[in-house]
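Using our numbering, the first residue of the sequence shown is number 3, and each one after it goes up by one. For each residue, glycine too, the CB sits at the ideal point set by N, CA and C. In what follows, a single structure is set out as C-alpha cells and then discussed.
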Amino acid sequence: MSVKERSGGCPIFGADPASFCVILSPHAFCILHSSFRIHHFPMPSVLLSIDYESWFALTRRFDEIPADQRRALDGGYALAALDPLLEQLAPARASFYLVGELVDWFPELPEKIAAAGHEVGFHCQVHRPLTRLSDIQRDLAASRGWRARSGVTGFRAPMVNTIEDVYPLLKTEGFRYSSSIYAPAGTLLNKNGIRELPVSTLPLLRRPQNLTAPRKMTLPLVLGGEFPYGSSFTIGLFEKTVLKILEQELKRGLSPVIFLHPYELVRPQDWPGRLRRDLFAHPGLIPFTRSKSRFLKTLLTNFPVSTLRDYLLTNRQPPTAN
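Quick look at the structure:
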C-alpha cells in the first residue's frame, strides 16, 4: 500500500510533500525521495521466537544419556505439542529454533512449522551447554540434511550462550544470523559475517558500550542494571512488567527479541511434577515451568509480531563490526 503525503514537509528530509511518499508493508516502511534514494526502516515489532525443545531440556540431568533414552522420555510430546502451539500463535508468525534430534524423531516437524508460515531455525542437535567446538561441528553435520531442505538461516545456541568458534562455522554452513547473546534492543552486531541479533535486555542505569559477541548474561550484568526481559524466565516472574517494557520499546521504534518454550504453552503430562526433584534442587527453574499462554494471548492481541528472519530482511541498518 502506498500513501502520498499532501500536507506539511517531510520530517526526515524537510522536502516538499509532493517529492516523497511512504510505502508501507506488514514488516517495514520506506521513504522514497524524489532523488530515487530508498530509505528503508523496519516497522517496530516484537520479534517472537520459540526455542522448540522437549520438556526434559529444562534440566541438565538428561544431557548425556543416550538419544534413545531421551526419545523415550519425550514420549511423543514434541510432536503432540506442535499443533496446539500453532493454534495459539495463529495468525501471527514466529521463529522456531528446533533441536535437531527432535527432527530425527519426528521428521514432519520442520514442514508443519513452515507450512503454518513460521520461520524454521536451528537450536543445536542436542540441547546442552555449548562449550566445545567439537560439539557444534558434530551438531552441524548431523543436521545438514533437514536444514538444507528447510532453508534454515537462523541459529540460537541453547541457553542463549555460545562460544567464539561458532561464528565462522555458521558462516561456512550457510547461516545468515544468530540470536545467541543478550543485549539491549536495537543492538545488531556483525561477527565473522554473521549478524548477531540478541535477545533483549533493558539497561536500567546506562546503555552498555562496545558490545561484543559472544556475551553471556552473567550475574554482574544483571547487578549492573541489565534486565533480561526477553527471556521466558523473566516473563514467568514479571509478566505485566515485561508487557509494559515491550510497549515502551515499540514506542521508541525498537524491535525487541523475546523467546518462549513449548512446555510453557502446551503443558506436558504431570507438569511440573515430573521435574519435582530438579525444581527442589534448582528453584531458579520454576519460572520456566509457569504457563505463558495468557502472556502470549495478550502479546498477540496488543502488539505487532514478526519473525527474526523477516525483520532482518527489511532492516538496512549496518551491523556493528565485532
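Item to check | Alpha carbon of G77 to alpha carbon of R95, nearest angstrom | outcome: 27 Å
* Nearest-angstrom Cα distance between R130 and G227? -> 28 Å
Q | Cβ contact check for the region 62-72 and the region 265-276: 3 or more pairs under 8 Å | A | Segments in contact, no.
* Asked: Is the Cβ-Cβ distance between A234 and K299 less than 9 Å?
  -> Ala is not the amino acid found at residue 234; the sequence shown has Ser there. For S234 and K299, no; Cβs fall outside 9 Å.
*Out of curiosity, what's the CA-to-CA distance linking D280 and L287?*
Whole-angstrom Cα-Cα distance: 8 Å.
* Continuous beta strand (DSSP E) assignments of at least 3 residues falling wholly in the region 193-256 -> Counting only runs of 3 or more, we get 196-198 and 201-205.
### Task
State the DSSP-derived secondary structure class of L315, mapped to helix, strand or coil.
L315 falls in the helix class under three-state DSSP.
message: On the criterion of 16 or more Cβ atoms from any shown chain inside 10 Å, does K253 qualify as buried, or is it exposed?
response: exposed
- State the beta-bridge partners of Y99 as determined by DSSP. The partner list for Y99 (beta bridge, DSSP) reads D53 and G123.
Out of Q139, V48, M45 and L104, state which residue places its alpha-carbon closest to the alpha-carbon of A69. Nearest of Q139, V48, M45 and L104 to A69, Cα basis: L104.
Determine, using beta carbons only, whether T133 comes closer than 9 Å to chain C.
Going by chain labels, chain C is absent from the structure shown, which holds only one protein chain.
Please report the residue range of the beta strand (DSSP E) in which A187 lies.
Unbroken run through A187: none, as it is neither H nor E.
Report buried or exposed for P93, applying the criterion of at least 16 other Cβ atoms within 10 angstroms of its Cβ. exposed
Would you say E266 and S257 are within 9 Å of each other, going by their C-beta atoms?
no
Neighbourhood of L199 by C-beta, 7 Å cutoff - its chain only, sequence neighbours within 5 removed
Excluding positions up to five away in sequence, the list reads Y179, S181, L190, V259, L310 and L314.
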